[in-house]
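Going by the numbering used here, the sequence shown opens with residue 5, and the numbers climb by one from there. Beta carbons: idealized from backbone N, C-alpha and C, even for Gly. A quick write-up on the structure given underneath.
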Amino acid sequence: MKFLALLPLLCFLGCSYSVKNNLDAQQQLGVCSEIVLSAVDDLEVNEGFPRAVKEGDYAWTCTGHTAWTSGFFPGLLWYLYEHSHNDFLKLKAEAYTENLKPVKELAWGTHDLGFMMFCSAGNAYRITGDEKYKSWLLETADSLAGLFNPDVGTIHSWPWMKNKRGWPHNTIIDNMMNLELLFWASKNGGSQRLYDIAVSHAQSTLKNQFRDDFSTYHVVVYDNQSPKVLSRITDQGFADESVWSRGQSWAIYGFAMCYRETGLPEFKEAAVNAADYYLSGLPEDYVPYWDFKLPDFKEEEKDASAAAIAASGMLELAKLSDNPDEKKRFKEAAVKTLNSLSSEEYLSGETMAILDHSVGSKPHGNEIDVPLVYADYYYVEALMRLKKWF
Ligand code: GLY
5 MKFLALLPLL CFLGCSYSVK NNLDAQQQLG VCSEIVLSAV DDLEVNEGFP RAVKEGDYAW
65 TCTGHTAWTS GFFPGLLWYL YEHSHNDFLK LKAEAYTENL KPVKELAWGT HDLGFMMFCS
125 AGNAYRITGD EKYKSWLLET ADSLAGLFNP DVGTIHSWPW MKNKRGWPHN TIIDNMMNLE
185 LLFWASKNGG SQRLYDIAVS HAQSTLKNQF RDDFSTYHVV VYDNQSPKVL SRITDQGFAD
245 ESVWSRGQSW AIYGFAMCYR ETGLPEFKEA AVNAADYYLS GLPEDYVPYW DFKLPDFKEE
305 EKDASAAAIA ASGMLELAKL SDNPDEKKRF KEAAVKTLNS LSSEEYLSGE TMAILDHSVG
365 SKPHGNEIDV PLVYADYYYV EALMRLKKWF
């Protein structure tokens, strides 16, 4: 209920629904800090890791450490501590991150280790320099590398699909995001092999996961003894030949990050092309529907998480690009997106979350039109990038 008290402030700061070219990131981060401070005050760390708010609920529903989303709430706390220097946020960030320590031992079970450990302990190490986090990150990077299949050239996503669906080896576009942990580890005491794995994964994804118009496939199923592609399909999108919005956002962000880490122009080109495809399919408010190719958009849901991820990725791209047109195009698009997300339409207001209106997986009937923790994480990350870089 106490979030109702914040509503006038939220509206004062973000009510207008226009997609403006400027945004006071500092001020908006202040609003986010207040919301998250209230939330952590009401949550027990040992209840688990916030993931989603069910329709009609106020509080986060939490998961155990093995959920792919477990690192986002600790990471959100670290970003907002970095912004506000509030010691209570730091205390809670440390406590949530501590509870993620077992992730480093999830050897070879999931490709999501980067999401889980880099968003949490990665930010913790960057901000505090505590060597404990560094050792967790290095150990987790080695676990993730255990899923790399050199005969295919990619990290195995969803290993359980081998038995469940008979896929010998699969790679999902989301997995681009986990490469950041490998690049980081190779620069911080890990082996060169981690860098080589990340580059191989990104090059194979670039070759096999894009269509000619630079839209992306969600899942590529490979043979497991050669790089032969068996099928290109979707799991969370509308159809195999449609374009799942969050997948396109993962591609923008993932390839921009790979360009930052390698300097390879093919990765920058991939990020630019993925972003231009994304921008060409947006509705007026810069927040995509959950899929770009729905037969009828009436009655369909928007996905604020896809918008937040794309905004953060486009800011990275704008920062890295030395082409003035690209810099302007992607920065403006990111700011317009963040403005829209900062409006009354998308701010949650009545829950513990910052943003509402995300979609986990429509085809599975999961988490439709609700607050999701990764939308909040990438929204705040994008605001931090805007505040620091521009
Ligand atoms: N990586 C899972 C998702 O984007 O839903």
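Residue i - DSSP class collapsed to helix/strand/coil
i	result
residue 178	helix
residue 204	helix
residue 235	strand
residue 267	coil
residue 173	strand
residue 106	helix
residue 307	coil
residue 55	strand
residue 8	Any reading at residue 8 is ruled out, since the residue's pLDDT is 49, under 50, leaving its predicted position unreliable.
residue 230	coil
residue 374	strand
residue 258	helix
residue 379	helix
residue 365	strand
residue 61	coil
residue 32	helix
residue 44	helix
residue 140	helix
residue 92	helix
residue 320	helix
residue 133	coil
residue 87	helix
residue 328	helix
residue 243	coil
residue 392	helix
residue 286	coil
residue 113	coil
residue 23	coil
Per DSSP, cross-strand counterpart(s) of residue i
i	result
residue 222	Residue 222 pairs with nothing; no bridge assigned.
residue 248	295
residue 197	In DSSP, residue 197 forms no bridge with anything.
residue 77	Paired residues: none, contrary to the question.
residue 158	153
residue 214	220
residue 66	54
residue 276	Residue 276 is not bridged to any residue.
residue 351	359
Residue from the options with nearest C-alpha to residue i
i	options	result
residue 370	104, 307 and 221	307
residue 64	77, 346 and 252	77
residue 318	330, 326 and 309	330
residue 390	68, 92, 58 and 322	322
residue 365	173, 291, 46 and 309	309
residue 110	120, 139 and 272	120
residue 278	170, 314 and 31	314
residue 256	116, 58 and 280	280
residue 292	73, 133, 108 and 345	345
residue 214	45, 238, 62 and 197	238
residue 117	73, 227, 61 and 224	73
residue 195	232, 146 and 114	146
residue 198	152, 334 and 320	152
residue 357	29, 42 and 254	42
residue 24	290, 311, 248 and 368	290
residue 261	249, 325 and 134	325
residue 299	243, 351 and 352	243
residue 212	114, 234, 51 and 88	234
residue 134	108, 98, 163 and 112	98
Proximity of residue i and residue j at Cβ, strictly below 8 Å
i	j	result
residue 381	residue 79	yes
residue 342	residue 387	yes
residue 284	residue 252	no
residue 210	residue 274	yes
residue 263	residue 271	yes
residue 126	residue 142	no
residue 335	residue 394	yes
residue 276	residue 57	no
residue 131	residue 86	yes
residue 123	residue 60	no
residue 385	residue 316	yes
residue 115	residue 190	no
residue 354	residue 100	no
residue 227	residue 269	no
Integer-rounded CB distance, given that residue j should sit under 8 Å from residue i
i	j	result
residue 137	residue 149	Not a contact, Cβ separation roughly 19 Å.
residue 177	residue 222	6 Å
residue 181	residue 259	Not confirmed; about 11 Å, so no contact.
residue 175	residue 159	7 Å
residue 230	residue 155	6 Å
residue 49	residue 96	7 Å
residue 247	residue 168	With a Cβ gap of about 25 Å, residue 247 and residue 168 do not count as contacting.
residue 93	residue 104	Rounded, the Cβ-Cβ distance is 17 Å, inconsistent with contact.
residue 367	residue 240	6 Å
Chain B within 8 Å of residue i, Cβ atoms only
i	result
residue 97	Checking the listed chains, one finds no chain B in this structure; it contains a single protein chain.
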